[in-house]
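Here's the structure we're looking at; comments come further down.
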Amino acid sequence: MQLKYFLAVCEHGTVSAAAEDLHIAQPSLSIAIKELEGEFGVSLFCRTHRGMQLTGEGEQFLAMCADIVERTERTERIMKEMGRERKSLRLGVPPMIGSLVLPLIYKDFVLQSPDLSVEIIECGGESAAKMLRDGLIDMAFVSHSGEHDADMESVRLDELEIVCGASSDNPIVKEGPVSPRMLGDVPLVMYKDGFFQSRKIKNWFAGENVEPYILVTTNQLSTMTKLVSSGTAIGFIFDKLVKNEEKIKCFSLDPPITLSVSLVWQKNKPLFSGMKRLKSFVEQNRLFE
12 MQLKYFLAVC
22 EHGTVSAAAE
32 DLHIAQPSLS
42 IAIKELEGEF
52 GVSLFCRTHR
62 GMQLTGEGEQ
72 FLAMCADIVE
82 RTERTERIMK
92 EMGRERKSLR
102 LGVPPMIGSL
112 VLPLIYKDFV
122 LQSPDLSVEI
132 IECGGESAAK
142 MLRDGLIDMA
152 FVSHSGEHDA
162 DMESVRLDEL
172 EIVCGASSDN
182 PIVKEGPVSP
192 RMLGDVPLVM
202 YKDGFFQSRK
212 IKNWFAGENV
222 EPYILVTTNQ
232 LSTMTKLVSS
242 GTAIGFIFDK
252 LVKNEEKIKC
262 FSLDPPITLS
272 VSLVWQKNKP
282 LFSGMKRLKS
292 FVEQNRLFE
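Using my numbering, the letters of the sequence shown map in sequence onto residues 12 to 300.
Structure follows, in structure tokens:
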């Protein structure tokens, strides 16, 4: 609590304004600050007629305690959620992966768990990692290459290949495999920044010093497939998504791009029942057929 008091005084610049914001008496706040200084054996503030100004020691303490308070509040939130046994699950899903896994997730997991509210947040894999760390979602399906960051745990689902998709009557691509130089002047539709596969595709072009002609960026799979099937642009799609599409031809890339897909969550976050149930469901079922 003393840390919150200290931060409030730093924010407002005076004890009176901080006390009003905290809804406590001004003398109580002054005593708390003096006790904190006495505990450390340093002066944190210079008292002036203009208010409270941080000393050098106060500046150093401010840099450290903001992170301490944030971690404490996050821990309190997690423990309270465990105590309530939260009945909701916030799940991050990129659109291409969602088209593959969500039908089975809804059919065999959500409908079989009427006591669990599942909220789907559509986002790119790179955005999902940040949202996990910020506590905005609980788990996420993401595509990746190599190992996850050390602060993440995961269950691997499958490995998918990214292919070049063109309309069945598009004369630009006659046969595969397709190299970056073959697409140098071809209009492309790609996912927006924040999607892991977009970064991989841009790196694929950069590997041959080719600047891609990106006509449209989107975060919707339906937009991408419509632009591709109409012949407006060429796109990059997981092979399993278009294997039954009559209006779209698929060609492997040269060099090829393959990505792993996993369910991920924060390593230091305890799993509540909904998270445990989804983890178990993913481990026991093949979501990509």
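Just so it is clear, CB atoms sit at the ideal spot from N, CA and C, and this is done for glycine as well.
Whole-angstrom C-beta distance between residue j and residue i, which should lie under 8 Å
i	j	result
residue 176	residue 225	Actually they do not touch by this definition, with Cβ atoms about 15 Å apart.
residue 69	residue 56	6 Å
residue 162	residue 277	6 Å
Continuous beta strand (DSSP E) stretch holding residue i: start and end
i	result
residue 273	268 to 277
residue 101	99 to 104
residue 150	150 to 155
Limits of the unbroken alpha helix (DSSP H) element including residue i
i	result
residue 260	Looking at the DSSP string, residue 260 is not in any alpha helix (DSSP H); the run it does join, the beta strand (DSSP E), is 259 to 262.
residue 1	For residue 1 there is no data in the structure shown, the boundaries of the chain being 12 and 300.
residue 27	26 to 33
residue 217	207 to 217
residue 14	13 to 23
residue 289	284 to 295
Residues that DSSP places opposite residue i in a beta bridge
i	result
residue 62	59
residue 198	224
residue 229	202
Test: residue i CB closer than 7 Å to a CB of chain D
i	result
residue 274	The structure shown has no chain D; it contains just one protein chain.
Exercise. Which ranges would you report for the alpha helix (DSSP H) in the region 112 to 145 if only whole runs of at least 4 residues count?
Worked result: 136 to 144
Exercise. Would you call the region 55 to 64 and the region 23 to 43 touching, i.e. three or more CB-CB distances under 8 Å?
Worked result: Segments in contact, yes.
Exercise. Touching or not, the region 285 to 292 and the region 201 to 215, by the rule of three or more beta carbon pairs under 8 Å?
Worked result: no
Exercise. Considering only residues of the region 231 to 256, which uninterrupted alpha helix (DSSP H) runs meet the minimum length of 4 residues and lie entirely inside it, listed in chain order?
Worked result: 232 to 240
Exercise. Which parts of the region 163 to 189 are runs of the alpha helix (DSSP H), unbroken and 4 residues or longer, counting only runs that do not cross its ends?
Worked result: none
For this session: Kindly confirm or deny that the region 116 to 130 and the region 222 to 237 touch, where touching means at least three C-beta pairs closer than 8 Å.
Result: No, because fewer than three Cβ pairs between the region 116 to 130 and the region 222 to 237 fall closer than 8 Å, the two stretches do not touch.
Problem set entry | Given 8 Å, three or more beta-carbon pairs between the region 131 to 150 and the region 99 to 107 | yes
For this session: Pair every Cβ in the region 257 to 271 with every Cβ in the region 160 to 176, then say whether three or more of these pairs are closer than 8 Å.
Result: yes
Problem set entry | Touching by the beta-carbon criterion (3+ pairs, under 8 Å), the region 250 to 262 and the region 206 to 218 | No, they do not touch.
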